[in-house]
Every structure is written in C-alpha cells, then in structure tokens.
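Listed in order, the protein sequences are those of chains A and B. Following our numbering, the numbering of the first sequence begins with 1 at its first residue and continues without gaps. Following our numbering, the numbering of the second sequence begins with 1 at its first residue and continues without gaps. Ideal Cβ positions, reconstructed from N, Cα and C, are used throughout, including at glycine.
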Amino acid sequence: MSFDFLWQGMGVALLPQNLLIGLIGCFLGTIIGCLPAIGPINGIALLLPIAYTSGLPAESALILLAAVYYGAEYGGRISSILLNVPGDAGAVMTAVDGYPMARRGEAAKALAISGISSFYGGMIAVIAMTFLAVPLSWLAIKFGPAEYFVLMVFAFATLGSMVGHEPVKTLLGCVLGLMLTTIGLDATSGAYRFTFDQPELHDGIEFIILVIGLFSISEVLLMLESQVKGTLKPLAVTGSYPSWSEIRTIWWPSVRATVIGFVIGVLPGTGASVASAVSYTTEKRLSDKDGTFGKGDIRGLAAPEAANNAAATGAFVPMLTLGVPGSGTTAVMLGALMLYNIQPGPQLFVEQPKLVGGLIASMYIGNILLLIMNLPMVQVFARMLLMPNWILIPGITALSILGVYTAYSSVMSVLIMFGIGIIGYLLRKLGFDMAPIVLGFVLGKVMEVNFRNALALSGGEFGIFFSSTLSIILWIMAVAIVVVPIWLRRRQAARAAAA
Amino acid sequence: MSDLAQRQRRIGRIAAGVLMAFAVFYGFFGLTIEYSFSSDPIGPRGFPAGLAVVLFALGAWYWLVPGSTEEWPEQEGRIAALTFLVVSAACVLAMDWIGFVPAMLVLMTAIARLFGANWTLALVNGAGQALLWWLMFGPLLGGTLPKGPLGF
Numbered sequence: 001m002s003f004d005f006l007w008q009g010m011g012v013a014l015l016p017q018n019l020l021i022g023l024i025g026c027f028l029g030t031i032i033g034c035l036p037a038i039g040p041i042n043g044i045a046l047l048l049p050i051a052y053t054s055g056l057p058a059e060s061a062l063i064l065l066a067a068v069y070y071g072a073e074y075g076g077r078i079s080s081i082l083l084n085v086p087g088d089a090g091a092v093m094t095a096v097d098g099y100p101m102a103r104r105g106e107a108a109k110a111l112a113i114s115g116i117s118s119f120y121g122g123m124i125a126v127i128a129m130t131f132l133a134v135p136l137s138w139l140a141i142k143f144g145p146a147e148y149f150v151l152m153v154f155a156f157a158t159l160g161s162m163v164g165h166e167p168v169k170t171l172l173g174c175v176l177g178l179m180l181t182t183i184g185l186d187a188t189s190g191a192y193r194f195t196f197d198q199p200e201l202h203d204g205i206e207f208i209i210l211v212i213g214l215f216s217i218s219e220v221l222l223m224l225e226s227q228v229k230g231t232l233k234p235l236a237v238t239g240s241y242p243s244w245s246e247i248r249t250i251w252w253p254s255v256r257a258t259v260i261g262f263v264i265g266v267l268p269g270t271g272a273s274v275a276s277a278v279s280y281t282t283e284k285r286l287s288d289k290d291g292t293f294g295k296g297d298i299r300g301l302a303a304p305e306a307a308n309n310a311a312a313t314g315a316f317v318p319m320l321t322l323g324v325p326g327s328g329t330t331a332v333m334l335g336a337l338m339l340y341n342i343q344p345g346p347q348l349f350v351e352q353p354k355l356v357g358g359l360i361a362s363m364y365i366g367n368i369l370l371l372i373m374n375l376p377m378v379q380v381f382a383r384m385l386l387m388p389n390w391i392l393i394p395g396i397t398a399l400s401i402l403g404v405y406t407a408y409s410s411v412m413s414v415l416i417m418f419g420i421g422i423i424g425y426l427l428r429k430l431g432f433d434m435a436p437i438v439l440g441f442v443l444g445k446v447m448e449v450n451f452r453n454a455l456a457l458s459g460g461e462f463g464i465f466f467s468s469t470l471s472i473i474l475w476i477m478a479v480a481i482v483v484v485p486i487w488l489r490r491r492q493a494a495r496a497a498a499a
Numbered sequence: 001m002s003d004l005a006q007r008q009r010r011i012g013r014i015a016a017g018v019l020m021a022f023a024v025f026y027g028f029f030g031l032t033i034e035y036s037f038s039s040d041p042i043g044p045r046g047f048p049a050g051l052a053v054v055l056f057a058l059g060a061w062y063w064l065v066p067g068s069t070e071e072w073p074e075q076e077g078r079i080a081a082l083t084f085l086v087v088s089a090a091c092v093l094a095m096d097w098i099g100f101v102p103a104m105l106v107l108m109t110a111i112a113r114l115f116g117a118n119w120t121l122a123l124v125n126g127a128g129q130a131l132l133w134w135l136m137f138g139p140l141l142g143g144t145l146p147k148g149p150l151g152f
C-alpha cells in the first residue's frame with residue numbers, strides 16, 4: 001500500500017488555516033467535553049452545520065470535527081477526575097483512580113497523567129491507523145453476532161480482576177448492571193420490558209443518567225454526610241507534575257491499553273466505554289500486585305485514558321474504509337462526509353488522498369497540540385478544587401441536573417438520576433463498588449443482543465459460538481485470562497512452600 | 001461478636017433479603033413480558049429470567065456471608081440527606097413552571113446552606129450559579145432550558 005495520501009495530507013494539515021482550525025477544535029472540544037452529557041457527539045453535531053455553511057472545504061471541516069472529537073475525549077476527563085462526574089461514557093473508568101488522586105491533593109498530577117496517557121494512546125493509535133487501516137477494516141467485517149458475544153464473554157472474564165475481598169458484592173454489582181440493560185424496548189422482538197407503561201422508560205435507562213446518578217449524586221450525599229459529621233475538609237491541591245519515573249511507569253500500561261482500545265474501537269458498536277473498561281480490568285489483573293488500583297494508582301488512570309483515545313481513533317477505521325461508523329460520534333462524522341458528497345469505502349484512500357491524509361495527519365498534529373495546550377492548563381483546572389464546598393457542591397449538582405436535562409429534555413430523567421443516586425449511595429454504604437455495575441451495564445446490552453442474534457442465525461444451535469477461528473481464539477483468551485493468574489498464583493505458592 | 005459487627009451483619013442480611021425479593025419480582029415480571037413474535041429461540045424473557053436466578057443465588061450467598069458495611073449516618077445526617085433530596089426533587093419538578101433560573105436559585109442556595117454557607121453567601125452563590133449555568137447551557141450552547149413566566 002502506498003502512503004502518498006499521508007504526505008499529501010501532511011501538506012493539507014500543516015496549512016496555517018488548518019493548523020488554526022485544529023487548535024480551535026481542540027480547545028472547543030476540551031471545553032465541550034468538560035460538561036457532562038454534552039460530549040463529543042453533541043459538540044460535533046453543533047459544529048457540523050456551522051462548518052458546512054461557513055464554506056470550509058471538506059478536509060478543513062473534517063479536521064475541525066476530528067479536533068473537537070479528541071479535544072472532547074480529553075475534556076471529559078477533567079470533570080471525571082476533579083468532581084467524580086464523568087463527562088462521557090469513556091470517562092467512567094478514569095474516575096475510579098483519577099478521583100481518589102484528586103481527593104488526596106494530586107489533581108494536577110492526575111490531569112497531567114491523563115493528558116500524557118491520552119497522548120500515548122492517541123499517537124500510537126494514529127500510527128496503527130496509518131499503516132493498518134485497510135487490513136483492519138476486514139477484521140470488523142469478520143465480527144458477526146457470535147464473535148461479538150464471545151468478545152463480551154472475554155470482557156466479562158477480565159472483570160475477575162475487579163473481585164476484591166468480598167467477591168459476592170462485585171458479582172451482584174455486575175448482575176444489577178446487566179439487569180438495568182433489560183429495561184426498555186427489546187430490539188429483537190419489539191416487546192417492552194420492565195417499562196410499566198412509562199414512556200420515559202421505553203428507551204431504557206440512558207448510560208449518562210446511570211453514571212451521573214451512581215457517581216455524582218451518591219458522592220454529593222456522602223459529602224453531605226461528612227459535612228454534618230464535620231469531617232469534610234477543603235481539598236489541598238499540590239502543583240506537582242508527574243515525575244519522569246512516573247511517566248515511564250505509565251508507558252507499558254498505556255501501550256497495552258492502546259492495543260486493546262484500538263482493536264475494540266475498530267469494531268463497530270463497541271466503543272470507548274467498553275475499551276476503557278476492558279483495558280482497566282486487564283491492567284488491574286496484570287499490575288495490581290499491592291491492591292492500589294481503585295485508590296489512586298497512576299497505572300489505573302493511564303490505562304483507560306490511553307484505551308479511550310485509541311478507541312476514538314480506531315473508530316475512524318471502519319468509518320473511512322467501510323462507511324460503517326465505529327461509534328456514535330463517527331456516525332455524525334460520516335454524515336459530514338456525506339454532506340460533502342464523499343462516499344467512504346476502501347477506495348477513499350485512493351480517490352480522496354488529500355481528505356483522508358489530511359484527516360490522519362491532523363490527528364498526529366492534534367494530539368501534539370492537545371498535549372501542549374493542556375499540560376500547562378492542568379494547574380488552572382486543578383485549582384477548581386480550591387473553591388469552598390458551598391460553591392463546589394452546588395456546582396456539581398447543577399452540572400449533574402443540566403447534563404441529564406439538556407441531553408433528554410425530561411424532568412423525569414432527572415428524577416430517575418436522583419433515584420439512581422440514592423441507590424448508589426445505599427450500595428456504597430453497603431460496601432459495593434460502582435464500577436462493576438457500570439461495566440455490567442456497558443457490556444450487557446451488546447452481549448444479549450448478539451447472543452440472541454447469533455442464535456437466530458443458527459436456528460438455535462449453540463455451536464455457532466465455536467464455529468469460527470476468531471471465536472475460538474476469543475474463547476481461549478477468555479479462559480486464559482481467568483485460569484492463568486490462578487495457575488501462576490498456585491505455582492508461586494507451591495514454590496514458596498517448597499522453599 | 002461485637003455490637004458493631006452484629007449490626008453490620010444484620011444490615012447486610014436485610015440488603016440480601018431485599019435483593020432476593022427483587023430477584024423474585026424481576027423474575028416474575030420477566031416471565032410475563034408480552035410479545036407477539038421473536039426471531040430468536042430465547043425471546044425477550046430468557047435473559048431476564050436467567051438474571052433473576054443468578055441474582056437470587058448471589059443474594060443467598062450474600063445473606064450467608066454479609067461482609068462489612070460502612071458506618072450509617074446519625075439522625076442529623078439523615079435529615080440533611082433527606083432535605084437535599086426533597087429540595088432537589090421539588091426544584092426539578094418546579095423548573096417547568098417557575099423557570100430554570102428561579103428553580104436553580106432556590107436549589108443552589110439550599111445546597112450552599114447545607115454545606116455551611118451563611119444566608120448572604122448562599123444567596124449570592126445561588127443567584128450567581130443559576131445565572132452562570134443558564135447563560136452557559138442556554139444562550140451559549142443553544143440548549144433548551146425550561147422557561148417560566150419570566151422567560152428564563
């Protein structure tokens with residue numbers, strides 16, 4: 001394959017006009033991403049008509065929208081790390097280790113780690129996309145319902161790492177998350193499940209409502225309890241950036257997470273939330289020897305961040321090569337391509353080298369711009385935490401309400417969010433972790449739909465789940481991820497006993 | 001066994017009981033889902049029924065091994081949490097009638113009071129945040145926020 005498109009693209013992306021557009025896009029994206037539920041998809045949808053009507057050429061419009069996309073991917077981390085309010089679905093796992101870091105005064109470091117690992121993930125993924133876009137697009141085609149189901153089994157297998165000293169609570173959390181996905185219209189049969197004739201429940205529980213309720217509202221309730229007890233103290237914010245050794249420490253977790261994130265991103269319909277969840281649990285399984293994950297471990301922060309950005313980049317692969325969007329955001333970008341009468345497909349790299357090359361080149365440049373722009377800004381963002389609680393916590397509540405209301409224009413959705421917040425608070429008091437609930441929710445719908453679609457295709461034959469090489473590889477990986485750590489632990493114990 | 005451990009055990013068992021009861025409720029409604037056709041052999045009832053069984057079994061496990069819970073709030077804490085929830089729900093419900101800014105003014109002021117601000121600071125914070133969020137999510141980002149008789 002010739003890489004002429006990349007050289008032509010560099011010429012396009014490095015034009016001063018396009019550099020400026022990329023910079024504006026990164027900045028706007030960061031701001032948009034900070035606001036819960038606005039997220040990249042709405043940001044792009046807002047800017048698309050402006051880009052089109054202002055007469056921007058197609059490559060400049062795509063550069064703008066792509067810059068907003070990865071700017072928002074980074075921006076979503078800010079509220080997640082500082083306030084425990086995930087800006088979008090992919091930022092949920094970021095809060096697991098990012099928020100504890102902020103609580104112990106390392107907000108600036110957490111934001112910087114997030115920026116650096118996002119940079120690692122974004123850059124490695126763009127390089128992979130440059131060289132592997134067309135071959136990888138065939139992987140996306142090979143994934144049928146059976147393979148998707150086995151992929152979800154693999155994802156659940158990685159959850160074994162989330163099991164703490166009370167495994168029953170982790171498993172219960174997963175099942176509760178899975179149950180929430182069954183609310184609403186069943187796409188396969190058209191039946192309404194657990195809606196109790198409430199129109200607001202017809203579309204099911206929206207992810208953002210669940211996440212804001214579980215994380216943000218329950219957190220406010222916990223803070224209120226501490227306030228009453230007199231134990232809620234203003235946070236300290238140390239100005240430290242990560243050290244070189246910490247930057248080196250996050251390199252391999254970021255690389256591993258990038259590989260996972262990029263491959264999952266390439267698969268249409270899975271997205272950044274699955275990528276960040278799987279990469280976090282995999283990293284926890286591999287690296288959490290001291291039980292520091294979930295308590296502010298930089299590797300636990302870096303892995304989902306790198307995976308998230310890699311998945312965002314990977315989602316462009318099926319969009320550009322097959323015309324199949326890998327995520328909601330790339331679906332809007334596909335609309336942008338069609339607005340300019342451009343038909344995506346394998347020939348796009350040959351027919352529109354300037355456009356594709358410009359887009360890919362802008363990702364290289366955008367990742368660098370984002371890092372340069374955001375590293376100095378982390379101090380400013382971190383200082384938000386120095387606000388007194390009587391300003392900060394009403395702000396968190398307002399953002400939570402607005403995040404849900406602006407997304408769904410429904411008072412009932414906001415009330416459901418508060419209801420979920422109460423349940424989240426009670427579960428947290430009972431010692432449940434919120435992450436397994438979210439992971440069950442993220443993986444559940446994809447799992448059920450593909451399980452049933454596969455059985456519909458096979459006429460009820462369960463053999464379909466073992467019928468392709470890809471499925472078998474995924475089964476082996478799923479079994480290995482459960483069995484190998486147990487075997488290694490036993491071998492270590494046996495050696496220790498022998499010594 | 002200490003009083004605290006016994007209390008935690010009791011609370012854990014109550015939670016396990018609630019979860020098992022929920023599993024029965026969920027399973028019952030899952031098995032009565034109405035549908036006219038399904039292209040797959042499992043149908044819309046299969047997955048919920050399976051989950052109900054798993055939840056019940058895990059609930060039973062939890063009942064046997066309730067584990068530990070965190071300390072629960074005293075009466076003052078419960079009243080504060082209830083105040084927060086009632087005021088939040090009332091303001092959210094009132095948003096469509098009285099408008100976004102007045103509803104947020106009340107809510108932001110109330111939360112600021114709960115977090116230790118005096119009345120003056122709480123009111124200034126309430127008014128400032130209500131206007132800030134309205135400006136940002138309304139005119140600036142083009143979102144649709146509830147309009148009361150005053151138009152905001």
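Classify A:L64: buried if its beta carbon has 16 or more other beta carbons within 10 angstroms, exposed otherwise.
buried
For A:A496, count neighbouring Cβ atoms within 10 angstroms of its own Cβ and tell me buried if that reaches 16, exposed if not.
Counting the other Cβ atoms within 10 Å of the Cβ of A:A496 gives fewer than 16, which makes it exposed.
Straight-line CA distance for A:L500 to B:Y62?
Any question about residue 500 of chain A goes unanswered here, given that chain A covers just 1 to 499.
Can you list, in chain order, the residues of its chain whose CB lies under 6 Å from that of A:I21, leaving out five sequence neighbours each side?
S60, I63 and L64
Of the residues A:S471, A:W244, A:S54 and A:Y74, which one's Cα is nearest the Cα of A:I372?
A:Y74
What are the boundary residues of the alpha helix (DSSP H) that includes A:V350?
L348 to E351
From A:T170, A:G173 and A:I205, residue whose alpha carbon lies closest to that of A:D186
A:I205
Taking 9 Å as the cut-off, decide whether the C-beta atoms of A:L232 and B:F115 are in contact.
yes
With a cut-off of 9 Å, does the C-beta of B:R9 fall near any C-beta of chain A?
no
Assuming A:A306 and A:T258 make a contact with CB atoms under 8 Å, what is their CB distance in whole Å?
5 Å
Just grab the DSSP bridge partners of A:L185 for me.
A:L185 pairs with A:Y192.
Boundaries of the alpha helix (DSSP H) in which A:S254 is found, first to last residue
W251 to V266
Please work out which residues of its chain come closer than 6 Å, Cβ to Cβ, to B:L55, disregarding the five sequence neighbours upstream and downstream, and give them in chain order.
Excluding positions up to five away in sequence, the list reads A23.
Only counting the same chain, and skipping five residues up and downstream in sequence, which positions put a Cβ closer than 8 Å to that of B:K147?
Leaving aside the five residues that flank B:K147 on each side, the residues in its chain whose CB is nearer than 8 Å to its CB run, in chain order, G99 and F100.
What span of residues does the alpha helix (DSSP H) with A:K429 cover, start to end?
V411 to K429
I'd like to know if B:I33 contacts chain A, where contact means its C-beta is closer than 9 Å to some C-beta of that chain.
yes
is_contact[A:T406, chain B] using C-beta, thresh 9 Å:
Closer than 9 Å: yes.
Listed by chain order, chain B residues near A:E225 by CB distance under 8 Å
P73, G77, A80 and A81
How would you call B:L192, buried or exposed, if buried means at least 16 neighbouring beta carbons within 10 angstroms?
Any property of residue 192 of chain B remains undetermined from this structure, which presents chain B solely from 1 to 152.
Among A:L286, A:P304, A:W251 and A:F293, which one has its Cα closest to the Cα of A:V274?
Nearest of A:L286, A:P304, A:W251 and A:F293 to A:V274, Cα basis: A:P304.
For A:Y405, which of helix, strand or coil comes out of DSSP?
Helix.
Pairwise C-alpha distance: A:L180 and A:G43:
A:G43 and A:L180 have their C-alpha atoms spaced approximately 28 Å apart.
Three or more C-beta pairs under 8 Å: does that hold for the stretch 423-436 of chain A against the stretch 207-216 of chain A?
The stretch 423-436 of chain A makes contact with the stretch 207-216 of chain A: 3 or more CB pairs, one atom from each, lie closer than 8 Å.
Can you check the stretch 317-390 of chain A for any alpha helix (DSSP H) of at least 4 residues that lies completely inside it and give the ranges in chain order?
328-339, 348-351 and 353-382
Neighbourhood of A:I209 by C-beta distance below 7 Å, restricted to the same chain and skipping five residues each side
V404, S413, I416, M417 and I420
Residue nearest to B:G138 in terms of C-alpha spacing, selected from A:S409, A:V446 and A:L470:
Out of A:S409, A:V446 and A:L470, A:S409 has the C-alpha closest to the C-alpha of B:G138.
The alpha helix (DSSP H) that contains A:E448, what's its start and end?
Per DSSP, A:E448 belongs to the alpha helix (DSSP H) from M434 to S458.
Would a check of beta-carbon distances place A:K429 closer than 9 Å to chain B?
For A:K429, the answer is yes, since a Cβ of chain B falls inside 9 Å of its Cβ.
Over what stretch of residues does the alpha helix (DSSP H) that includes B:L4 continue unbroken?
D3 to L31
Beta-carbon within less than 8 Å of A:G345's beta-carbon, same chain only, minus the 5 sequence neighbours each way: which residues are those?
T321, L322 and G323.
Entirely enclosed alpha helix (DSSP H) segments - the stretch 22-82 of chain B, minimum 4 residues:
43-64
CA-to-CA distance, A:P394 to B:G128, given in whole angstroms:
11 Å
Kindly list, in the order they appear in chain B, the residues whose Cβ is closer than 7 Å to that of A:D503.
Nothing about residue 503 of chain A can be reported from this structure: the residues present for chain A run from 1 to 499 only.
Does the beta carbon of A:P388 sit closer than 9 Å to a beta carbon anywhere in chain B?
yes
Interfacial residues, the stretch 59-73 of chain B to chain A, with Cβ spacing under 7 Å:
Of all residues in the stretch 59-73 of chain B, W61, Y62, V65, G67, S68, T69, E70, W72 and P73 have a Cβ within less than 7 Å of some Cβ in chain A.
Under 9 Å, do A:Y280 and A:L375 count as touching if we go by C-beta distance?
No, they are not a contact pair.
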